[in-house]
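Here is the structure we will look at.
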């Protein structure tokens, strides 16, 4: 899929996590199937304007919020960022997660030295 579809999906995921919804909860509120929400968030599914409107209403945001370039800078809620990080790792193997953990520890040690 194209970059716009992926970007919109990523932003829908961000706002879903920010609201504390599971994919199933958002799907129920927007009256769509939860697998469709997953496909949208991964950038695998095109989304109609009608569905986009249902999702933004369920998330209690404006459709224009999905096109805001600095949405993470505006909403730097620690819990949401941790959930996003956890979601990135959820499909990875244990070995890959260990590598990411070790890299994170090394990066934090470098930051602490400053």
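Numbering (the UniProt record's numbering), first residue to last: 1 to 114. Glycine residues also receive a C-beta, built at the ideal position from the N, C-alpha and C atoms. Small disclaimer: the values here were computed from a predicted structure and weren't measured.
| Check | Outcome |
| --- | --- |
| Which listed residue (79, 88, 14, 30) has its alpha carbon closest to that of residue 50 | 30 |
| Boundaries of the alpha helix (DSSP H) in which residue 59 is found, first to last residue | 49-59 |
| Cβ-Cβ distance between residue 80 and residue 54 below 8 Å | no |
| For residue 101 and residue 47, the rounded distance between their alpha carbons | 35 Å |
| Neighbourhood of residue 37 by C-beta, 7 Å cutoff - its chain only, sequence neighbours within 5 removed | 23, 26, 27 |
| Where the alpha helix (DSSP H) through residue 15 begins and ends | 3-19 |
| Backbone CA spacing between residue 97 and residue 5 [nearest angstrom] | 27 Å |
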